[in-house]
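**Q**
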Amino acid sequence: MKKDYTILVPNMLPIQFGIALKIMKNYGYNMELLTTDGHDIIETGLKNVHNDTCYPALLSIGQLIHAIESGKYDTHKIALIMSQTGGGCRASNYIHLLRKALEKKGYDYIPVISLNFSGLEDNPGFKLTPQMLNQIAYGLLIGDLIMMLHNQCRPYEKVKGTSQKVVDICTRTISERFTGNRIIRYSEVKKLYQFVLDAFAKIPLDTSVKKKKVGIVGEIYVKFSPLGNNHLEDFLVSEGCEPVLPGLIDFCLYCIYNNVIDHKLYGRSLKAAMTNQMIYKFVLGKQKDMIQMIEKHGKFRPPQYFDHVRQLSKEIIGEGVKMGEGWLLPAEMVELITEGVKNIVCTQPFGCLPNHIAGKGMVRKIREKYPDANIVSIDYDPGASKINQENRIKLMLSTAEE
Numbered sequence: 001m002k003k004d005y006t007i008l009v010p011n012m013l014p015i016q017f018g019i020a021l022k023i024m025k026n027y028g029y030n031m032e033l034l035t036t037d038g039h040d041i042i043e044t045g046l047k048n049v050h051n052d053t054c055y056p057a058l059l060s061i062g063q064l065i066h067a068i069e070s071g072k073y074d075t076h077k078i079a080l081i082m083s084q085t086g087g088g089c090r091a092s093n094y095i096h097l098l099r100k101a102l103e104k105k106g107y108d109y110i111p112v113i114s115l116n117f118s119g120l121e122d123n124p125g126f127k128l129t130p131q132m133l134n135q136i137a138y139g140l141l142i143g144d145l146i147m148m149l150h151n152q153c154r155p156y157e158k159v160k161g162t163s164q165k166v167v168d169i170c171t172r173t174i175s176e177r178f179t180g181n182r183i184i185r186y187s188e189v190k191k192l193y194q195f196v197l198d199a200f201a202k203i204p205l206d207t208s209v210k211k212k213k214v215g216i217v218g219e220i221y222v223k224f225s226p227l228g229n230n231h232l233e234d235f236l237v238s239e240g241c242e243p244v245l246p247g248l249i250d251f252c253l254y255c256i257y258n259n260v261i262d263h264k265l266y267g268r269s270l271k272a273a274m275t276n277q278m279i280y281k282f283v284l285g286k287q288k289d290m291i292q293m294i295e296k297h298g299k300f301r302p303p304q305y306f307d308h309v310r311q312l313s314k315e316i317i318g319e320g321v322k323m324g325e326g327w328l329l330p331a332e333m334v335e336l337i338t339e340g341v342k343n344i345v346c347t348q349p350f351g352c353l354p355n356h357i358a359g360k361g362m363v364r365k366i367r368e369k370y371p372d373a374n375i376v377s378i379d380y381d382p383g384a385s386k387i388n389q390e391n392r393i394k395l396m397l398s399t400a401e402e
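Going by UniProt numbering, the first residue of the sequence shown is number 1, and it counts up by one from there.
Okay, structure coming up:
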């Protein structure tokens with residue numbers, strides 16, 4: 001598979017995924033991130049997946065099949081990859097929906113790789129080693145930093161498009177550092193943090209007008225994916241707001257820590273809990289280093305430490321609630337509110353029960369504790385009107401505080 005195949009990857013986070021795929025190339029995997037957009041993807045998804053299926057599955061599968069049918073690829077020399085969480089969320093079944101769709105279209109010979117860390121499936125020809133995961137973790141941390149600084153600069157840039165140019169320069173430079181059969185040491189990662197901070201600090205900004213800060217939380221795909229949330233970040237910037245997104249590494253830490261909770265609450269394997277505790281401390285330590293560098297730099301607003309975010313969740317919901325985004329979702333809302341970001345868009349696929357419970361279901365409790373919280377829940381699905389979504393957000397913004 002390494003030698004002959006191109007692995008197609010559905011898009012969710014262009015910056016982080018772009019860096020991660022360059023790292024995978026360093027280990028011999030030719031992976032291509034699909035950046036296709038528009039209504040064609042939705043239509044392809046609707047034709048190949050039941051319309052009551054989760055919206056992220058419909059879009060991801062639609063994007064993959066759209067790529068197959070584009071004529072750009074030799075269908076006998078491509079493979080597809082899909083994450084498989086292994087939890088109670090229907091995301092565990094996306095991969096089976098993809099295989100079923102491929103079979104109906106006559107593409108059942110195309111290999112489908114399950115990206116999972118729970119032993120659900122083995123993938124001959126594709127293996128993630130501890131060293132690869134270590135490098136990918138570094139890449140995701142840097143990607144989170146770029147995303148965060150981009151959102152802090154873009155609404156204030158004097159010359160439109162400057163922030164995006166810096167994103168492109170940083171992403172390209174970092175991707176080059178990770179390629180050429182090089183293993184990046186952590187000391188070099190710290191230098192890359194500084195490089196990114198300095199690059200964004202040089203952008204000419206006009207901060208004379210205070211912008212409304214609007215947090216974005218929710219189900220991971222529609223929270224991050226421009227395709228999934230109708231380019232929500234761009235819309236907020238066009239409305240004179242500063243979007244604020246908690247990073248992907250927080251979700252990774254949430255998933256890792258849940259394996260520790262499983263032992264404490266449900267008596268799952270002690271060995272697995274201890275292993276995950278070690279991984280958790282390792283990633284947490286790297287996140288702390290990044291936050292401290294942002295604090296030391298002084299120009300940008302750092303995120304909160306994940307250990308603190310985890311404690312915030314306990315006043316709203318139990319740690320045993322871990323279907324979908326579980327306790328992390330209300331924790332991120334409280335994190336934003338305590339940072340002064342009191343205007344929040346909670347994104348969720350229509351009919352996503354885990355996130356309706358942990359997201360929309362927790363809003364009243366959060367408002368009781370934080371009366372000035374200004375939260376709107378927005379559902380995304382194939383039949384949802386973009387105009388209605390934007391009008392509801394505009395209504396929330398009309399009462400928003402800066």
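Each residue gets a CB set at the ideal place from its N, CA and C atoms; glycine is no exception.
By a C-beta neighbour count over all protein chains shown, 10 Å radius and 16 as the cutoff for buried, is D379 buried or exposed?
**A** Buried, since its Cβ has 16 or more Cβ neighbours within 10 Å.
**Q** For M333, count neighbouring C-beta atoms within 10 Å of its own C-beta (all shown protein chains included) and say buried if the count is 16 or more, exposed if not.
**A** Buried.
**Q** Count Cβ pairs between the segment 228-238 and the segment 290-297 that sit closer than 8 Å; are there 3 or more?
**A** No, because fewer than three Cβ pairs between the segment 228-238 and the segment 290-297 fall closer than 8 Å, the two stretches do not touch.
**Q** Hey, quick one: how far does the beta strand (DSSP E) through P14 stretch, first residue to last?
**A** It is not in any beta strand (DSSP E) - P14 instead sits in the alpha helix (DSSP H) that spans P14 to N26.
**Q** Report yes if the CB atom of G197 is closer than 9 Å to the CB atom of H297, and no otherwise.
**A** Residue 197 is actually Leu in this sequence, not Gly. Yes, Cβ-Cβ distance for L197 and H297 is below 9 Å.
**Q** Out of curiosity, what's the CA-to-CA distance linking T162 and R172?
**A** Taking the straight line joining both Cα atoms gives about 15 Å.
**Q** So I113 packs on L80, CB below 8 Å; how close in whole Å?
**A** With a Cβ gap of about 7 Å, I113 and L80 count as contacting.
**Q** W327 to N116, Cα distance in whole Å?
**A** So the alpha carbons of these two residues sit roughly 21 Å apart.
**Q** Can you name, in chain order, every residue of its own chain whose Cβ lies under 8 Å from the Cβ of V222, other than the five neighbours on each side?
**A** So the qualifying residues of the chain are Y55, P56, G228, N229, T347, Q348, P349 and Y380.
**Q** Suppose you measure from the CA of K365 to the CA of N276; what does that come to, to the nearest Å?
**A** When rounded, the distance between both Cα atoms is 31 Å.
**Q** Can G62 and L46 be called in contact, C-beta distance under 9 Å?
**A** It is a contact, given that the beta carbons lie within the stated cut-off.
**Q** Going by the beta-carbon positions, is the gap between K286 and V189 smaller than 9 Å?
**A** Result yes, Cβ atoms of K286 and V189 sit closer than 9 Å.
**Q** Along the chain, where does the beta strand (DSSP E) that runs through C241 open and close?
**A** C241 -> beta strand (DSSP E) spans C241 to V244.
**Q** Output yes or no for whether 9 Å exceeds the beta carbon distance between M148 and L13.
**A** It is not a contact, given that the beta carbons lie outside the stated cut-off.
**Q** Do the segment 317-331 and the segment 351-367 meet, that is, are 3 or more Cβ pairs less than 8 Å apart?
**A** The segment 317-331 vs the segment 351-367: in contact.
**Q** Determine the DSSP secondary structure at I316, reduced to helix, strand or coil.
**A** DSSP places I316 in coil when its eight states are reduced to three.
**Q** Between which two residues does the alpha helix (DSSP H) harbouring K386 extend?
**A** K386 -> alpha helix (DSSP H) spans K386 to S398.
**Q** Note down the Cα distance separating L102 from E368, rounded to an integer number of angstroms.
**A** Approximately 48 Å, taken between the alpha carbons.
**Q** Please state whether DSSP places C128 in a helix, a strand or coil.
**A** The amino acid occupying residue 128 in the given sequence is Leu; Cys does not appear at that position. Residue state, collapsed to three classes: coil.
**Q** Alpha carbons only, please: which of R182, A199 and A400 is nearest the one belonging to Q164?
**A** That would be A199, whose Cα lies nearest to the Cα of Q164.
**Q** State the CB to CB distance for the pair V166 and P204, rounded to an integer number of angstroms; the pair is presumed to be in contact (CB under 8 Å).
**A** Incorrect: roughly 11 Å between the Cβ atoms, too far for contact.
**Q** With DSSP collapsed to three states, give me the class of N374.
**A** Residue state, collapsed to three classes: strand.
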